Every structure is written in structure tokens, then in C-alpha cells.
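Residues in the sequence shown are numbered from 1 upward in steps of one, following our numbering.
The structure appears below as C-alpha cells.
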Amino acid sequence: CYGNVGVVVNEHFYAAKEGDSEHLSKNELKSLLKKEFPNLMQCSNDPAAIDQIMETLDQNQDKKVDFMEYSLMLITMTQVCKLFLQ
1 CYGNVGVVVN
11 EHFYAAKEGD
21 SEHLSKNELK
31 SLLKKEFPNL
41 MQCSNDPAAI
51 DQIMETLDQN
61 QDKKVDFMEY
71 SLMLITMTQV
81 CKLFLQ
């Protein structure tokens with residue numbers, strides 16, 4: 001799994017690509033997941049899969065992922081990794 005500092009820095013790096021450093025667009029989220037979590041994103045060329053991930057993360061349905069929504073994804077992924085490694 002991942003170190004906390006690295007994933008926080010990465011979220012801001014990817015979010016800044018389209019000018020809004022506080023939120024990830026769908027394209028920024030796709031780039032982040034594809035680059036930082038390649039094993040989990042083998043379906044990244046499937047637009048429906050990316051749409052589903054975005055819809056799941058975007059709790060307030062504003063068509064972007066904020067830091068809290070991103071953090072929930074990281075917490076969930078950490079829990080899954082922990083269960084997988086047990």
C-alpha cells in the first residue's frame with residue numbers, strides 16, 4: 001500500500017493539472033489512478049469503469065473529487081490492502 005504523505009502530495013499534483021488544485025476532474029482522477037495504482041486500474045481504458053469510480057467517489061455529485069472524497073478512497077484502499085495481506 002502507500003505512504004500517507006505521498007498520496008496527499010500526488011492528489012494536489014494531479015488536481016493542479018487543470019487549474020483547480022482543490023479538486024480532481026474525471027481526467028485527473030483517471031491519470032492519478034492509472035499512474036499511482038496500475039495494478040488496480042487494469043480496467044482504466046474502459047470508460048464505464050472510470051465513470052463508475054468517479055460516481056462512487058463524488059459523494060456530493062459536483063462532477064469533481066475533493067480532498068475528503070479522495071481521502072475516503074485511500075482509507076478504503078488501505079483497509080482492503082490490510083484484509084488482503086492478512
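Think of the CB as a built atom: it goes at the ideal place given N, C-alpha and C, for glycine as much as any other residue.
In this text, all values refer to a predicted model and were calculated from it rather than measured experimentally.
Cβ neighbour criterion (16 or more within 10 Å) applied to residue i
i: Leu32; result: buried
i: Phe80; result: For clarity, residue 80 is Val in the given sequence; the question names Phe instead. It is exposed - the Cβ of Val80 has fewer than 16 other Cβ atoms within 10 Å.
i: Leu85; result: exposed
i: Val5; result: Bear in mind that the predicted position of Val5 carries a pLDDT of just 42, short of 50, making it unreliable; the figure below should be weighed with that in mind. Val5 should be labelled exposed.
i: Lys64; result: buried
Distance between residue j and residue i (C-alpha atoms, nearest Å)
i: Lys17; j: Leu57; result: 19 Å
i: Lys30; j: Leu83; result: 25 Å
i: Asn39; j: Leu74; result: 15 Å
i: Tyr14; j: Ile50; result: 16 Å
i: Phe37; j: Leu72; result: 16 Å
i: Met77; j: Lys34; result: 15 Å
For residue i: DSSP bridge partner residues
i: Asp66; result: His23
Contact check, residue i vs residue j, beta carbons under 8 Å
i: Met54; j: Lys26; result: yes
i: Glu22; j: Asp62; result: no
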